[in-house]
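J.: Residue numbering for the sequence shown follows the working numbering, starting at 677 and increasing by one per position. The beta-carbon is built from N, C-alpha and C at its ideal position, and this holds for glycine as well. Because the structure is a prediction, the values reported are computed rather than measured.
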Amino acid sequence: MKIAAYTFNGQPGVGLVSKDLQTVQPFDLPEAQRALGALPIVEMLSNGAALPKLLDAIALKDVHVTAPLPKPRRNIFCVGKNYFAHAKEFAGSGFDSSAKSGGDIPADPIIFTKVPECVVGPDAAIEMPPAHISTAIDYEAELAVIIGKGGKGIAAKDAMAHVWGYTIVNDITARDWQSRHQQWHMGKSFDTFCPMGPYLVSADECDGTNTTVRCYVNGELRQNASTTDLIFDIPKLIETLSAGITLYPGDVIATGTPVGVGIGFKPPKYLVAGDVVRVEIDGIGALENPLR
Ligand code: MG
């Protein structure tokens, strides 16, 4: 199934998207739950509950689609340098404060987080900070895993049973902050720096372990890779994260970005106001956001 969160007549909604992507059928939920988008649905299904009652379908063109998880339950887990070619690209850029702790290819997953408040939906503007704050804004197209059944100490061999589904995340980054402050949290958590969407797609409809991630800037193809090229695959990421941290339904894991980010070009191709970034993942759809 595909789940969309949206606003319609000024009210938050969440519903099932039709196979032909023409309509959305709202779930009958109280407003406080609808405001959380797909989160209560993922929680219900992961706890073995039935789906809420469905109401009459609305044309998708008549609603304003928001991020499927407009208020994630907590920080978004992210993975750094998780495609072979991108790891070399980033280590060679001079902006990689993690490079001193190892070679180009990490021996263990590099994990950081983005604050939940930086999530925005499809077509929402990514806000450029003023020049005295940062002039090195970059894109990172990523497959995001949505956890279903939670748990701690999940073994890699059991991990895929904990995947509810997938969405797209654009891990927008202020490279100068990532380098200067020797951590990846602040420069990746600026307001609006986590475009997400357009839908959550359940794992029976999308094989996140073998799909293609593409990114276009102003129509120019910059990134194009298969998730089969991940250094640490989805089971390994879940095993690593859950070793010490209990995972919950609706947790988001952005799995890392492939080669082709702006910092990888000489000179770097940073984003500027007026640019449009489009991320496509086969089986999920497209997420497009302008820079403002
Ligand atoms: Mg990233």
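So, at 7 Å on beta carbons, what are the nonlocal neighbours of T789 in its own chain, with the 5 sequence-adjacent residues on each side left out?
T.: Position 113 of the sequence shown, counted from the first residue, corresponds to residue 789. Excluding residues within five positions, the ones whose Cβ falls inside 7 Å are N751, I752, F753, C754 and H861.
J.: Since V718 is in the alpha helix (DSSP H), which residue starts that stretch and which ends it?
T.: The count along the sequence shown starts at 1 and reaches residue 718 at position 42. Where V718 is concerned, the enclosing alpha helix (DSSP H) starts and stops at L715 to S722.
J.: Please list, in chain order, all residues of the same chain as D958 whose beta carbon is under 7 Å from its beta carbon, the five residues on each side excluded.
T.: In the sequence shown, the residue the question calls residue 958 occupies position 282. Same-chain partners within the cutoff: T887 and T888.
J.: At what residues does the beta strand (DSSP E) containing K757 begin and finish?
T.: Position 81 of the sequence shown, counted from the first residue, corresponds to residue 757. Here K757 belongs to no beta strand (DSSP E), and DSSP marks it neither H nor E.
J.: Under 7 Å from any heavy atom of the ligand MG, does the C-beta of T933 make it?
T.: As a first step, residue 933 is located in the sequence shown; it is residue number 257 there, counting from the start. Yes, Cβ of T933 sits closer than 7 Å to a heavy atom of the ligand MG.
J.: Is the beta carbon of V718 less than 8 Å from the beta carbon of A680?
T.: Mapped onto the sequence shown, residue 718 falls at position 42. Mapped onto the sequence shown, residue 680 falls at position 4. No.
J.: Could you tell me the boundaries of the alpha helix (DSSP H) in which S855 lies?
T.: The residue given as residue 855 occupies position 179 in the sequence shown. Where S855 is concerned, the enclosing alpha helix (DSSP H) stretches over R851 to R856.
J.: Cα separation between I781 and K757?
T.: Looking up residue 781 in the sequence shown gives position 105. Looking up residue 757 in the sequence shown gives position 81. Using only the alpha carbons, I get a separation of about 8 Å.
J.: Taking just the CA atoms, how far does K764 sit from G689?
T.: Counted from its first residue, the sequence shown places residue 689 at position 13. Counted from its first residue, the sequence shown places residue 764 at position 88. Each residue's Cα considered, the two are about 43 Å apart.
J.: Whole-angstrom Cβ separation of G873 and A743, contact assumed at under 8 Å?
T.: Taking the first residue of the sequence shown as 1, we reach residue 873 at position 197. Taking the first residue of the sequence shown as 1, we reach residue 743 at position 67. Right, their Cβ atoms sit about 5 Å apart.
J.: Can you find a heavy atom of the ligand MG that lies under 7 Å from the Cβ of E816?
T.: The residue you call residue 816 lines up with position 140 of the sequence shown. Distance from the C-beta of E816 to the nearest heavy atom of the ligand MG is below 7 Å.
J.: Tell me the start and end of each unbroken alpha helix (DSSP H) in the region 856 to 933 that is at least 4 residues and wholly inside, in chain order.
T.: 910 to 918, all fully within the region 856 to 933.
J.: Using the C-alpha atoms, what's the distance from Y875 back to G961?
T.: Taking the sequence shown and counting its residues from 1, the one referred to as residue 961 is at position 285. Taking the sequence shown and counting its residues from 1, the one referred to as residue 875 is at position 199. So the alpha carbons of these two residues sit roughly 8 Å apart.
J.: With which residues is N685 paired in a DSSP beta bridge?
T.: Taking the sequence shown and counting its residues from 1, one reaches residue 685 at position 9. BP columns for N685 are empty, so no partner.
J.: Can the beta-carbon of I848 be found less than 8 Å from the beta-carbon of Y892?
T.: Numbered from its first residue, the sequence shown carries residue 848 at position 172. Numbered from its first residue, the sequence shown carries residue 892 at position 216. Not a contact, by the Cβ cut-off of 8 Å.
J.: Grab me the residues of I830's own chain with a C-beta within less than 8 Å of its C-beta, minus the 5 sequence neighbours each way, in chain order.
T.: Looking up residue 830 in the sequence shown gives position 154. Taken in chain order, the residues that qualify are H838, I914, E915, S918 and L923.
J.: Starting from Q701, trace the beta strand (DSSP E) both ways and give me its first and last residue.
T.: Position 25 of the sequence shown, counting from 1, holds the residue named residue 701. Where Q701 is concerned, the enclosing beta strand (DSSP E) stretches over T699 to P702.
J.: Under 7 Å from any heavy atom of the ligand MG, does the C-beta of A930 make it?
T.: In the sequence shown, residue 930 corresponds to position 254, counting from 1. Checking every heavy atom of the ligand MG against the Cβ of A930, one is found closer than 7 Å.
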